[in-house]
Amino acid sequence: MNRLHPLSAVSYAVRYGFLWLSLSLFLVGALASISELLSGRWVPVAAVGGLAFGIGYGIAYYYRFGYRITDDTFDVASGVVARRSREIPYGRIQNVDIRQGVFQRLVGLAVVSIETAGGQSTEAALNFVSEAEATRLQNEIRRRTADGKRKAHSDAERDDSRVEDQEFIGPLPASEFDSDTPSSEHAGIGPGPGAGDRIHDRSPTEFEEPERKRLFDLEARELLLYSFTSFRPAAVAAVLFIFFFMTDTIIEYLLAIAQPLGGPADIETGTAGSYGILTIVSLVNGIIVTYLLSVAYAFGTYYGFQLGRIDDDFVYERGLLQRYSGSIPTGKVQSVTVTANPAQRLIGYAGLWVETAGYGPSSDSGSQSAVPLAERGRVYGFTERLTGVETPRFERPPPVARRRYLVRYSLVAAGLVAVAVGVTTVTILERWYLAGVVFAAVPVAAHLRYVNLGHYVGEEHLVVRRGFWKRRTTIIPYYRLQTANTRRSIFQRRLGIASVVVDTASSQSFSDAAPTIYDIELETAREVHATSRRRLQSALSERSQDDDLSLDVDFTDPDSSGP
Amino acid sequence: MESLHPRIRLLWIVQGVIYAVILGLVLLAVDRWALNVPTVALAGVVFGVFVLGGLYAVRLYQVWKFELQSDALYLERGVITFVETAVPFVRVQHVDTQFGPVERLLGLSSVVVYTAGSRNADVRIPGLPPERARDLQDTLRELAVESEADDAV
């Protein structure tokens, strides 16, 4: 069994020391206040005792924590009193992530997390190992995973797969993922000559020194564009948090800048007009600060982003202050999604995400950014090489769907007006009918929702597009299908339409629901449902004949290998 | 297509009664501590929920159908939203039979099929006679093993 880096003993000692210090102080305080047995004199004793116990526990934890790489499994044993020993088979590992905070980078430490599809949290977290050990673990696990896979298919010759692969590598047609993109944009993105020949001709010994191929580097321009065009909801939480802790200072500041514009002299005295100005000034300030925080956060998160490939794994790196690096086996990719918000669509850019069944290092979903932002044409070309999907020709839902959204959004607008009426009855505001303006947005909203919907039933993939604010185009290989659902609410039944939910094993968060084809004609929906099922079966039987089960396509993008 | 056991209606009606009773208690509490609720209205609402619950139970029983098809377990269900689900056998992770206290009283069992999916990941077939439930569990397990895929997550 290997131990963690000795400095983690210090870290655990400090952590548990503080924990037990505060716990014992709290206990003594609570007991002293309810009984006469304990008095304030015991506080120093409790403090020293708690601290000593915590430090001891932390050090014991370090000595009782061990990990080991065996031939078939990665083993972790932990626990001071209650012991847990865990064995994770290499074939079940979804991704291996390395995380380094600012302080950890200074002293050369890293946190290694190993994710599998089961469970609600990280299966093995090594706090901390040295940087070199982290990289060694990542490489070692990758090598053993690949070895295991090769052993399992050693009967079959790899020559077959090579022929198979080349079908995907040929020059691909210019892609057109959405109908409003002129296809000329994407010309000249095909893979360079011989791009696919490299990884298939290797002998097993070459695994010893993994060769890293660069697939994508985020350039400075792209990083800036991404930071400025994306929005992180976390920024809202951060602003609220700051406001909560510095309420007085912030209110003073807002008053100070609102005053020259006609704001109230202080928070207690003011007219309706001056309060209105203060509100507007505060809102504008809040929005600007939130936006700037979001920009800074996105910049810090994706600074120095690189995507590469080693053998059958994707590897990525990113982060300005906190560094992340991870590896995702290509065979574990469940679906890929192209995202673009309105601002990014305007400048012709898009991002690419891959979903696995594990949990990402920075989010609770298994969604990992493969390309944060790049020109749309490059992203589409890359996606097509990655999945082998043909250029989709999207079908839209019938126009009756748009009527449905019109009704739905009208109801929302009516609700807002009702709220406005309610507000006027309890405040000094009077003109509730001004809220009727929201009805003007209804047709626009309904139309935008409608035009962004689309689906394409491909040979091997189902492509689903939806959303205006964050348009997501998800490419689902049929062989990743878990369940297929056709749903019809009473309203949909009246209009003869249905929604198809295609579930995969990717662990999505609540905000990103399973890919759904909304409001298509019932007949089409049934067809999609049946086709998906049929193609799942044919894909499975093909794959069981094939020796290689991973998504073994070469998708080196010569354009993105940097300057 | 196979239907559920008719006695499942009783279970759903009991559930409706429970909802009606809870609603009645809430209204009573409102009447006692907040607004004045006329007794007629209270009784009317509780009775209305009870009747709706009964109709819902009957209708749900009528639409609830399932079938073992060549490649997948296929289910149809839903009163408000009608859902057709196909669970390919190859995606079945494990199969449970379960029964709650009321189901046990009525002599019924449920079969729960788990997949690795993120939404609709567990599919429940309620209201089966215990021997049918066990039978279905065995069949599903065999079919799942037979069609085992190599690309487990």
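Residue numbers (the working numbering), protein chains in the order written: chain A, 1 to 563; chain B, 1001 to 1153.
For each residue, glycine too, the CB sits at the ideal point set by N, CA and C.
No experiment lies behind these values; they were computed from the predicted model shown.
Taking the C-alpha atoms as reference points, what is the distance between residue 484 of chain A and residue 525 of chain A?
It is roughly 11 Å from the alpha-carbon of residue 484 of chain A to the alpha-carbon of residue 525 of chain A.
If the cut-off is 7 Å on Cβ atoms, which residues from the region 1062-1095 of chain B count as contacting chain A, listed in chain order?
Residues 1071, 1072, 1080, 1081, 1082, 1083, 1084, 1085, 1086, 1087, 1088, 1090, 1091.
Can you pull the chain B neighbours of residue 529 of chain A, defined as C-beta to C-beta under 8 Å?
Listed along the chain, the chain B residues whose CB falls inside 8 Å of the CB of residue 529 of chain A are 1084, 1086.
Does residue 130 of chain A come out as helix, strand or coil in the three-state DSSP assignment?
DSSP places residue 130 of chain A in strand when its eight states are reduced to three.
At a CB distance below 8 Å, what residues from the region 536-547 of chain A approach chain B? Give them in sequence order.
Going along the region 536-547 of chain A in chain order, one finds 536, 537, 540, 543, 544 with a Cβ nearer than 8 Å to chain B.
Whole alpha helix (DSSP H) elements within the region 282-367 of chain A, 4-residue minimum:
Counting only runs of 4 or more, we get 342-346.
List, in chain order, every chain A residue whose beta-carbon is nearer than 7 Å to that of residue 1117 of chain B.
Per Cβ cutoff of 7 Å: 482, 483, 503, 504, 505.
So, using beta-carbon positions, are residue 514 of chain A and residue 357 of chain A closer together than 8 Å?
Cβ atoms of residue 514 of chain A and residue 357 of chain A: not closer than 8 Å.
Proximity winner among B:1010, B:1068, B:1021, B:1026, relative to residue 1139 of chain B (alpha-carbon distances)
Of the listed residues, the one whose Cα sits closest to residue 1139 of chain B is B:1068.
Using a Cβ cut-off of 8 Å (strictly closer), state whether residue 98 of chain A contacts chain B.
Judged by the 8 Å Cβ criterion, residue 98 of chain A is not in contact with chain B.
Taking 8 Å as the CB-CB cut-off, is residue 335 of chain A touching chain B?
Interface with chain B (8 Å Cβ-Cβ cutoff): residue 335 of chain A is excluded.
8 Å Cβ cutoff met for residue 409 of chain A and residue 451 of chain A:
No, these two residues do not count as a Cβ contact at 8 Å.
From what residue to what residue does the beta strand (DSSP E) around residue 85 of chain A run?
Here the beta strand (DSSP E) through residue 85 of chain A covers 84-89.
Could you give the DSSP three-state label for residue 206 of chain A: helix, strand or coil?
For residue 206 of chain A, the pLDDT reaches just 41, beneath the cut-off of 50, and the residue's location in the model is therefore unreliable, leaving the point undetermined.
Residues of chain B with a CB under 7 Å from the CB of residue 489 of chain A: which are they?
Chain-order list of chain B residues neighbouring residue 489 of chain A: 1080, 1081, by C-beta distance under 7 Å.
Measuring CA to CA, which of A:61, A:21, A:530 is closest to residue 47 of chain A?
Nearest in C-alpha terms to residue 47 of chain A, of all of A:61, A:21, A:530, is A:21.
Neighbouring residues, chain B, relative to residue 146 of chain A (Cβ below 9 Å):
Within 9 Å Cβ-Cβ: nothing; residue 146 of chain A doesn't reach chain B, min ~16 Å.
I think residue 335 of chain A touches residue 474 of chain A, with their Cβ atoms under 8 Å apart; what is that distance to the nearest whole Å?
Yes, residue 335 of chain A and residue 474 of chain A are in contact; Cβ-Cβ is about 6 Å, under 8 Å.
Per DSSP, residue 488 of chain A is paired with what?
The bridge partners DSSP lists for residue 488 of chain A are B:1082.
Please list, in chain order, the chain B residues whose beta carbon lies closer than 9 Å to that of residue 73 of chain A.
Chain B residues near residue 73 of chain A: none, gap ~16 Å exceeds 9 Å.
Less than 8 Å between the CB atoms is what I'm expecting for residue 1090 of chain B and residue 1053 of chain B, so what's the real figure, rounded?
The Cβ separation is near 38 Å, so there is no contact.
How long is the line joining the alpha carbons of residue 99 of chain A and residue 57 of chain A, rounded to whole angstroms?
Residue 99 of chain A and residue 57 of chain A: Cα-Cα distance of roughly 25 Å.
Threshold first: 4 residues or longer. Then list the alpha helix (DSSP H) segments lying entirely within the region 33-74 of chain A, N to C.
Within the region 33-74 of chain A, the complete alpha helix (DSSP H) runs of at least 4 residues are 42-63.
Go ahead and pull the three-state DSSP assignment for residue 1137 of chain B.
Looking at residue 1137 of chain B - three-state DSSP - the assignment turns out to be helix.
Terminal residues of the beta strand (DSSP E) in which residue 1127 of chain B lies:
For residue 1127 of chain B, the enclosing beta strand (DSSP E) starts and ends at 1122-1128.
Taking all protein chains shown into account, do 16 or more other C-beta atoms lie within 10 angstroms of the C-beta of residue 266 of chain A, making it buried, or fewer, making it exposed?
Label assigned to residue 266 of chain A: exposed.
Other residues of its chain near residue 309 of chain A: CB distance less than 6 Å, five sequence neighbours each side excluded
If we look at residue 309 of chain A and ignore the five residues flanking it on each side, its Cβ neighbours are 213, 215.
Output the boundary residues of the alpha helix (DSSP H) element that contains residue 256 of chain A.
Segment 247-258, the alpha helix (DSSP H) holding residue 256 of chain A.
Can you tell me the Cβ-Cβ gap for residue 373 of chain A and residue 388 of chain A, rounded? I've got them flagged as a contact below 8 Å.
For a cut-off of 8 Å, the C-beta gap from residue 373 of chain A to residue 388 of chain A is around 23 Å, too long to register as a contact.
Let's see if you can read the secondary structure: which residues bound the alpha helix (DSSP H) around residue 437 of chain A?
Unbroken run through residue 437 of chain A: none, as it is neither H nor E.
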